[in-house]
Amino acid sequence: MAAKKLKRQSEQFYSSPEPKRKKIDQEADRCATAFYSQPCESLAKALLGCTLVRETSPTLRLTATIVETEAYLGGEDKAAHSYNGKRTPRNEAMYMDPGTCYVYSVYGTHSCVNVSSLGEGAAVLIRALEPVTGVENMYTRRKSAKKDKDLCNGPAKLCQALDIDKTLNKVDLTSCACLWVEPRSHDLADDDIVCTGRVGVNYAGTEWSNKHLRFYVKGNRCVSRL
DNA sequence: CTAAGGATTTGCT
DNA sequence: GCAAATCCTTAGA
12 MAAKKLKRQS EQFYSSPEPK RKKIDQEADR CATAFYSQPC ESLAKALLGC TLVRETSPTL
72 RLTATIVETE AYLGGEDKAA HSYNGKRTPR NEAMYMDPGT CYVYSVYGTH SCVNVSSLGE
132 GAAVLIRALE PVTGVENMYT RRKSAKKDKD LCNGPAKLCQ ALDIDKTLNK VDLTSCACLW
192 VEPRSHDLAD DDIVCTGRVG VNYAGTEWSN KHLRFYVKGN RCVSRL
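Below, the structure is given as structure tokens:
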């Protein structure tokens, strides 16, 4: 009986457009609204060590550990797309509920993925992952990657590896059935988190590019740069 | 180091 | 409306 119901739900689920899919059963472990509802810097650090899960088909699940993030605060933060409360069609997701996915394209060909946090226009950029499952499939999209650590060691690389593009903009990570985050399976001490200036934001001036709003797991081979 | 690349925004007419 | 400048990057000299 239950199995039949689940099968029907599953069929409905996979026949609807991917970004619109809602979860059909209890995920074993998925970060919920309470997790995302924390200040940007705090969420950026909390995401380290968590698992980003991307289901691209009924039979293919890609997972990778988050090892590098950056906080974009909105308001005074000149590096943020939402600087000074600016709203555009592009950055709407930054103002949506905590746990909303913000995917934007940069330099034309590349996508980057962020997670909305608590605060107006505040979001966390995911900069690097350590691949865990579905590695072979990642290589099919990451043509130039020679080693596993090259698959996801950059914000646009990870999007390509996990097949994340703008069709996933504005999805709710707490309910989307094809993309979500799972909590840390192991503890991560504060001592193992390195804080530095953010990458690629020199246009914002030294004050904001040097602020320690970039976080990565100390010693991890998959971070985008030293 | 530089070129590529196209979506997005801005600043005009 | 259209043209120009900008860009949270990557791959490959």
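Per my numbering, the very first residue in the first sequence carries number 12; after that it's consecutive.
Glycine is no exception: its CB is placed at the ideal position from the N, C-alpha and C atoms.
Here the structure is a predicted model, which means the values were calculated and not measured.
Helix, strand or coil for residue i? Go by DSSP, reduced to three states.
i: residue 146; result: helix
i: residue 224; result: strand
i: residue 235; result: coil
i: residue 37; result: Caution is warranted here: a pLDDT of 48 is assigned to residue 37, below 50, making its placement in the model unreliable, and no coordinate value can be reported.
i: residue 151; result: helix
i: residue 162; result: coil
i: residue 200; result: coil
i: residue 206; result: strand
i: residue 68; result: strand
i: residue 139; result: strand
i: residue 134; result: strand
i: residue 229; result: coil
i: residue 178; result: helix
i: residue 157; result: coil
Specify, as a first and last residue, the run of the alpha helix (DSSP H) that residue i falls within.
i: residue 170; result: 166-172
i: residue 44; result: 44-47
i: residue 61; result: Where residue 61 is concerned, there is no enclosing alpha helix (DSSP H), given that its DSSP letter is neither H nor E.
Spell out the partners DSSP gives residue i in its beta bridges.
i: residue 122; result: 116
i: residue 183; result: 111
i: residue 94; result: 86
i: residue 219; result: Answer by DSSP bridge pairing: none, since residue 219 is not bridged.
i: residue 129; result: 50
From this set, the options, which residue's C-alpha is nearest residue i's C-alpha?
i: residue 136; options: 145, 124, 143, 62; result: 124
i: residue 46; options: 232, 184, 212; result: 184
i: residue 48; options: 108, 160, 147; result: 108
i: residue 146; options: 160, 188, 91; result: 160
i: residue 179; options: 130, 66, 50; result: 66
i: residue 140; options: 172, 126, 157; result: 172
i: residue 227; options: 70, 105, 69, 54; result: 54
i: residue 175; options: 120, 208, 157; result: 120
i: residue 85; options: 181, 117, 132; result: 132
i: residue 83; options: 234, 211, 229; result: 211
i: residue 187; options: 95, 64, 209, 129; result: 64
i: residue 80; options: 70, 169, 118, 68; result: 169
i: residue 230; options: 204, 224, 208; result: 204
i: residue 69; options: 189, 94, 98, 40; result: 189
i: residue 138; options: 151, 78, 50; result: 78
i: residue 41; options: 206, 191, 201; result: 191
i: residue 233; options: 98, 150, 96, 142; result: 142
i: residue 235; options: 209, 105, 181; result: 209
Starting from residue i and walking both ways along the beta strand (DSSP E), at which residues does that stretch end?
i: residue 83; result: 71-83
i: residue 192; result: 190-193
With a cut-off of 8 Å, do at least 3 Cβ pairs link the segment 158-177 to the segment 193-205? Verdict: no, contact absent.
For the pair the segment 111-119 and the segment 48-63, tell me if three or more CB-CB distances fall below 8 Å. The segment 111-119 is not in contact with the segment 48-63.
Is it a yes or a no for the segment 207-220 touching the segment 85-105, going by three-plus beta-carbon pairs under 8 Å? Touching, yes.
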